[in-house]
Amino acid sequence: MYDLKKGYEVAKEFYAQYGIDVDKVIETVDSTPISMHCWQGDDVGGFEKKEDSSLSGGIQTTGDYPGKARTADELRADIEEAIKYIPGVLKVNLHANYQEADSFVDRNAIEPKHFEKWADWAVEKGIGLDFNPTYFSHPLANNGTLSAADDKVREFWIEHGIRCRQIGEYFYQRTGKPCVINHWTPDGDKEVPVDTIAPRIRLKDSYDKIFEATKDVKGVIDGIESKVFGIGLESYTVGSHEFCMGYVMKANKDHIIMTLDTGHYHPTEVVSAKLASIYTFSDNVLLHVSRPVRWDSDHVVSFDDETRAIMDELVRLDKLQDTYVATDFFDASINRICAWVIGMRNTRKAMLAAMLQPVAEMKKLEALGDVSGRLAYKEEFKAAPFALVWDYYCAEKNKGVGLEWLDKVRKYEKDVLSAR
Ligand code: RNT
Ligand code: ZN
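If you number the sequence shown the way this note's numbering does, the last residue is 1394 and the count never jumps.
Quick look at the structure:
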């Protein structure tokens, strides 16, 4: 290993030239929570005691890398292994289909007690829990969920949403940390329907009913996630961006916010370009950081231009602390713990790189009309020595410097995963 301390001192000097306090930045980056999704660990299967746990709703995992978690205990063990190599405050993001009832409990009947083990575990580890209703992978989800024309089907899913908000409150009570719930429905159509508004009016009505029935629930924040399309539902999405944005803005309630998933827009549209407009009208945003490759493929988050642009933007808007940052990817073609570690570290690293920029100075140049200086600054910091700060930070937190974690995860694969 190289001299980490020396590297850190050099970087500190470099950033001090621009008035940046590296230690303060490390503190902020370290204490900003990132919500790690549980579903990378078992390919979104969940642990409901039913025969068919195949994934539906127009999302897909591809690959059959061995060793996926088969039980909630295995999943928790895998999450614990991943967390060893992920610096910074974490939350864990659960889906309703990760319940642990003794026998099959349908979605409209789930209760906090079915998530008690998760809550016990989170309390023991000092981790906050976030939550998601699972409006997919279910026989009643084949013709729409919250927007279904069939009253009985809609009622079933409304009840599911209600119960999920109550479970969110339970997580809040147990952990003392607010529970961020993400509502995503896959509802849509392979072809453009003739009546494109009726499903949307029903979806609005269903959300209204869920929120009305649970208006006394405390400690829960609700993200409404839009999408451009799903597999088999290519032409029409009920919960489109316009729908979800309209719903959130009209609801005008502090706990109802937009979820922006980086894979849910047309390929040339980027989330980084949307944040300022939403923040003009909203106080908070929920982010699903993912990586779409040509489509919503949910590849592992990369330290790429868009992930960096999102973090740059949040820092420049001074909205990092108002944004609930969560990850959402599911790659079944690689070691699932590696997927978590790589994606989570990249998300946190992009946050660090964004914070290590002289934003106030850049804003000053812009206000003075110095557009050449502005560009020079923006470009200069793309290759500034943030990696030295990153390494030092990982070492300080004992989370593995560079690729140190890789051999350890390989060992876990050999000792634990390969026996599954
Ligand atoms: C699907 C959405 C949604 C899911 C998770 C599993 O396109 O992104 O957030 O990925 O709920
Ligand atoms: Zn998502």
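By construction, the Cβ of each residue, glycine as well, lies at the ideal position given by its N, Cα and C atoms.
Owing to the predicted nature of the structure, the values given are computational and were not obtained by experimental measurement.
Taking the alpha carbon of residue i as the reference point, which residue from the options has its own alpha carbon closest?
{"i": "leucine 1362", "options": "Gln991, Gly1062, Val996", "result": "Val996"}
{"i": "isoleucine 1057", "options": "Ser1392, Ala1327, Gly1037, Trp1314", "result": "Trp1314"}
{"i": "lysine 1192", "options": "Ile1175, Glu1216, Tyr1144", "result": "Tyr1144"}
{"i": "arginine 1290", "options": "Tyr1386, Ile1175, Ala1334", "result": "Ala1334"}
{"i": "tyrosine 1239", "options": "Thr1254, Ile1252, Arg1268", "result": "Arg1268"}
{"i": "threonine 1194", "options": "Ala1306, Ser1214, Arg1139, Gly1376", "result": "Contrary to the premise, residue 1194 reads as valine rather than threonine in this sequence. For valine 1194, the nearest C-alpha among the options comes from Arg1139."}
{"i": "isoleucine 1084", "options": "Leu1294, Thr1321, His1134", "result": "His1134"}
{"i": "glutamate 1280", "options": "Thr1321, Tyr1366, Ala1093, Lys1024", "result": "Thr1321"}
{"i": "glycine 981", "options": "Tyr1367, Ser1392, Val1168", "result": "Tyr1367"}
{"i": "methionine 1223", "options": "Phe1255, Gly1206, Thr1233, Ile1205", "result": "Phe1255"}
{"i": "valine 1390", "options": "Asp1017, Trp1013, Lys1189, Arg1044", "result": "Arg1044"}
{"i": "lysine 1227", "options": "Ser1005, Lys1189, Met1336", "result": "Lys1189"}
Between the C-alpha atoms of residue i and residue j, what's the straight-line distance to the nearest angstrom?
{"i": "isoleucine 1284", "j": "glutamate 1353", "result": "16 angstroms"}
{"i": "isoleucine 1231", "j": "aspartate 1052", "result": "31 angstroms"}
{"i": "aspartate 977", "j": "alanine 1369", "result": "11 angstroms"}
{"i": "tryptophan 1131", "j": "aspartate 1344", "result": "54 angstroms"}
{"i": "lysine 946", "j": "glutamate 1208", "result": "What is shown of the chain runs 975 to 1394, which leaves residue 946 out entirely."}
{"i": "histidine 1229", "j": "methionine 1219", "result": "14 angstroms"}
{"i": "arginine 1319", "j": "asparagine 1117", "result": "38 angstroms"}
{"i": "phenylalanine 1078", "j": "glutamate 1129", "result": "20 angstroms"}
{"i": "threonine 1242", "j": "glutamate 1055", "result": "36 angstroms"}
{"i": "aspartate 1305", "j": "methionine 975", "result": "31 angstroms"}
{"i": "lysine 1023", "j": "aspartate 1080", "result": "9 angstroms"}
{"i": "leucine 1339", "j": "valine 999", "result": "22 angstroms"}
{"i": "threonine 1149", "j": "asparagine 1071", "result": "20 angstroms"}
{"i": "leucine 1114", "j": "aspartate 1125", "result": "12 angstroms"}
{"i": "histidine 1215", "j": "serine 1276", "result": "24 angstroms"}
{"i": "glutamate 1323", "j": "methionine 1336", "result": "Checking the displayed sequence, the identity of residue 1323 turns out to be lysine instead of glutamate. So the two alpha carbons sit approximately 21 angstroms from each other."}
{"i": "lysine 1385", "j": "arginine 1282", "result": "31 angstroms"}
What does a CB cutoff of less than 6 angstroms around residue i pick up in its chain, not counting 5 residues either side in sequence?
{"i": "alanine 1046", "result": "Phe1021, Glu1074"}
{"i": "glutamate 1287", "result": "Ser1246, Leu1249"}
{"i": "phenylalanine 1110", "result": "Ser1030, Gly1031, Pro1160"}
{"i": "serine 1009", "result": "Lys1065, Asn1067, Asp1104, Ala1300"}
{"i": "glycine 1019", "result": "Ser1027"}
{"i": "isoleucine 1359", "result": "The sequence given here has proline at residue 1359, not isoleucine. Excluding residues within five positions, the ones whose Cβ falls inside 6 angstroms are Ala985, Phe988."}
{"i": "proline 1266", "result": "Gly1237"}
{"i": "phenylalanine 1217", "result": "Arg1174"}
Go through its chain and collect everything with a Cβ distance to residue i's Cβ below 7 angstroms, but skip five positions before and after it.
{"i": "arginine 1050", "result": "Trp1095"}
{"i": "alanine 1187", "result": "Ile1136"}
{"i": "isoleucine 1316", "result": "Val1274"}
Is residue i close to the ligand ATP? I mean its beta-carbon at under 8 angstroms from any heavy atom of the ligand.
{"i": "isoleucine 1033", "result": "Among the ligands in the structure shown, the ligand ATP does not appear; only the ligand RNT and the ligand ZN can be found there."}
Excluding the 5 residues flanking residue i on each side, which residues of the same chain have their C-beta closer than 8 angstroms to its C-beta?
{"i": "cysteine 1312", "result": "Leu1380, Val1383"}
{"i": "proline 1332", "result": "Tyr992, Gly993, Ile994, Tyr1351, Phe1355"}
Counting C-beta neighbours from all protein chains within 10 Å, is the total for residue i 16 or more, i.e. buried, or is it exposed?
{"i": "methionine 1329", "result": "buried"}
{"i": "aspartate 1026", "result": "exposed"}
{"i": "proline 1040", "result": "exposed"}
{"i": "phenylalanine 1203", "result": "buried"}
{"i": "serine 1264", "result": "buried"}
{"i": "proline 1107", "result": "buried"}
{"i": "proline 1152", "result": "buried"}
{"i": "serine 1180", "result": "buried"}
{"i": "glutamine 1147", "result": "exposed"}
{"i": "phenylalanine 1089", "result": "buried"}
{"i": "isoleucine 1033", "result": "buried"}
{"i": "glutamate 1001", "result": "exposed"}
{"i": "arginine 1310", "result": "buried"}
{"i": "leucine 1342", "result": "exposed"}
{"i": "leucine 1349", "result": "exposed"}
{"i": "aspartate 1017", "result": "buried"}
{"i": "alanine 1357", "result": "exposed"}
{"i": "alanine 1093", "result": "buried"}
Just to confirm before moving on: does the CB-CB distance between residue i and residue j stay below 9 angstroms?
{"i": "histidine 1157", "j": "aspartate 1196", "result": "yes"}
{"i": "aspartate 1296", "j": "aspartate 1257", "result": "yes"}
{"i": "valine 1154", "j": "asparagine 1082", "result": "no"}
{"i": "leucine 1326", "j": "valine 984", "result": "no"}
{"i": "isoleucine 1101", "j": "lysine 1373", "result": "no"}
{"i": "phenylalanine 1185", "j": "alanine 1123", "result": "no"}
{"i": "valine 1212", "j": "arginine 1174", "result": "yes"}
{"i": "glutamate 1199", "j": "aspartate 1163", "result": "no"}
{"i": "tyrosine 1253", "j": "valine 1259", "result": "yes"}
{"i": "proline 1007", "j": "valine 1097", "result": "no"}
{"i": "serine 1121", "j": "leucine 1177", "result": "yes"}
{"i": "arginine 1394", "j": "lysine 1091", "result": "no"}
{"i": "glycine 1037", "j": "isoleucine 1308", "result": "yes"}
{"i": "tyrosine 1298", "j": "leucine 1261", "result": "yes"}
{"i": "aspartate 1365", "j": "glycine 1376", "result": "yes"}
{"i": "isoleucine 1141", "j": "proline 1086", "result": "yes"}
{"i": "glycine 1237", "j": "aspartate 1270", "result": "yes"}
{"i": "aspartate 1459", "j": "histidine 1011", "result": "Since the first and last residues shown for the chain are 975 and 1394, residue 1459 lies out of range."}
{"i": "aspartate 1272", "j": "threonine 1035", "result": "yes"}
Using a C-beta cutoff of 9 angstroms, does residue i count as contacting chain B?
{"i": "aspartate 1076", "result": "Of the chains in the structure shown, none is chain B; there is only one protein chain."}
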